[in-house]
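Visitor:
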Amino acid sequence: MHKTGLNIFAEIDGIGAASGLFVKDDLLYIIGDNSGYLNQYDIKTTALSKIQILSSTDSTLLENIPKTQKPDFEVLCHFENTLFILGSGSTPVRNLIIEYDLETNKITSNDLSETYNLLKPASSIDDENFNIEGAIFTGEEWLLFNRGNGSSSQNGIFKIPEKRLTHAKSSNFYPIILPNIKHINSSFTDATFYKDDIYFISTAEDTNSTFNDGEILGSFIGSINAKSLKLNFAHKISGNHKFEGISFYKTSGNSIEFLLCEDLDTEELKTTIYKLTLSL
C-alpha cells in the first residue's frame, strides 16, 4: 500500500486556471488553459514572469481568454530543453502545439488538427469524446492521454511512433480503466514519466461533457507500466481537488515527490501549487 502526503508548496498570484506545470532546478513553469502566457515562477525568490506564446495586441485578453475562444492548453510536457504546450482538441479552436526552447527562448507554433483527426477514427473516439489532457514525449514516440469525461467515458493512451507530433501517420489506442467515486469514473488530467513508469493524476467529475464542468468528487495518483501500458495502482489523494497538472520534483529517501497544480474553474488569477509525496 502506497502512503501519500499532500501539502501546499506555493501560492502564486497572477495565474488562473492552472492546467500544466514543469519544474527544472529552481524554476517552475505553469500554463493555464485560458491564457496566452507561459508563466515562469522562481521558487527561491517567488518572482513571477510571463512569456507571451500567443499573438495579440490586447494583453488583457491574453490573460483570461473567454471559454469559447480559449486555446485550452491542458498539456505542458518536455523533452531535454524543449517545453511542449498542447491544446486539448476538444473543439476546433483547441488544436495548437507551442514549442518553447528553454535555452534560446524561441517559440514555435503549429496546428495539430490533422494529427488529432487521424487519432479519432483509429480509436473510435468521436469529436464529443476527444479531450487530450496529458502527454509524454520520449524522444522517439509520443503518448497522449485522452480524458474520458465525455459521454462515452473513453480513458486511454494514444501511442504515436513519431518524433514530430505534426508528422503522425499512425497510432495505437490503449483503453485504461480508472477507479471511480460514487459510480463516476475518474478520468486522466495529466501524466509524467519517471524511470520505467508513467505517473498520472485523474479526477472524478460529475459531468458527461468535455466542455462543461461538473461537481468534483475527488482525485487519484496512479502508475502505469511504460512498456505494457497496464495499470500498476491508483490511490485516492483528495476528495475535493481537481488536480490538472503533475511534474516530477525529486526523490527523498524512500519517497518520490511531485508538484501538482489545480484548476478552480474560476476567473480568479490565483493558483496553489501542491507537493505530493508518494512512498515507493
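Numbered by my numbering, the letters in the sequence shown go through residues 1 to 280 in order.
Think of the CB as a built atom: it goes at the ideal place given N, C-alpha and C, for glycine as much as any other residue.
Note that the structure is predicted; figures quoted are calculated from it, not measured.
With which residues is P175 paired in a DSSP beta bridge?
Guide: According to DSSP, P175 bridges with G156.
Visitor: Assign T46 to one of three DSSP states: helix, strand, or coil.
Guide: Coil, per DSSP.
Visitor: Just to confirm, is the Cβ distance from F73 to L96 under 9 Å?
Guide: A contact, by the Cβ cut-off of 9 Å.
Visitor: Can you give me the C-alpha to C-alpha distance between L76 and I273, rounded to a whole angstrom?
Guide: Taking the straight line from one Cα to the other gives about 15 Å.
Visitor: Buried or exposed, going by whether 16 or more other CB atoms sit within 10 Å of the CB of S279?
Guide: Exposed: under 16 other Cβ atoms inside 10 Å.
Visitor: Taking only three categories from DSSP, how would you classify S202?
Guide: Reduced to three states, the DSSP call for S202 is strand.
Visitor: Indicate, with yes or no, if the ligand ZN has a heavy atom lying under 8 Å from the CB of I125.
Guide: Among the ligands in the structure shown, none appear at all, so the ligand ZN cannot be discussed.
Visitor: What residue range is occupied by the uninterrupted beta strand (DSSP E) comprising E215?
Guide: Looking at the DSSP string, the run of the beta strand (DSSP E) that includes E215 is 215-225.
Visitor: How close, in whole Å, do the beta carbons of L264 and Y249 come, if the pair is a contact with beta carbons under 8 Å?
Guide: Between Y249 and L264 the Cβ distance is about 22 Å, and since that is not below 8 Å, they are no contact.
Visitor: Where in the segment 30-100 do unbroken runs of the beta strand (DSSP E), each at least 3 residues long, occur, reported from the N-terminal end onward?
Guide: Fully enclosed beta strand (DSSP E) runs of 3 or longer: 37-42, 48-52, 73-79, 82-87.
Visitor: In chain order, what residues of the same chain have a beta carbon less than 6 Å from the beta carbon of Q69, not counting five sequence neighbours either side?
Guide: Excluding sequence neighbours, Q69 sits near nothing in its chain.
Visitor: Assuming L119 is part of the alpha helix (DSSP H), what are its boundary residues?
Guide: That run of the alpha helix (DSSP H) goes 113-123.
Visitor: Please check the pair N146 and F188, which I expect to be a contact at CB under 8 Å, by giving their CB distance rounded to whole angstroms.
Guide: Confirmed, about 7 Å.
Visitor: Are the segment 33-43 and the segment 10-19 in contact at 8 Å, needing three or more beta carbon pairs?
Guide: A contact exists between the segment 33-43 and the segment 10-19.
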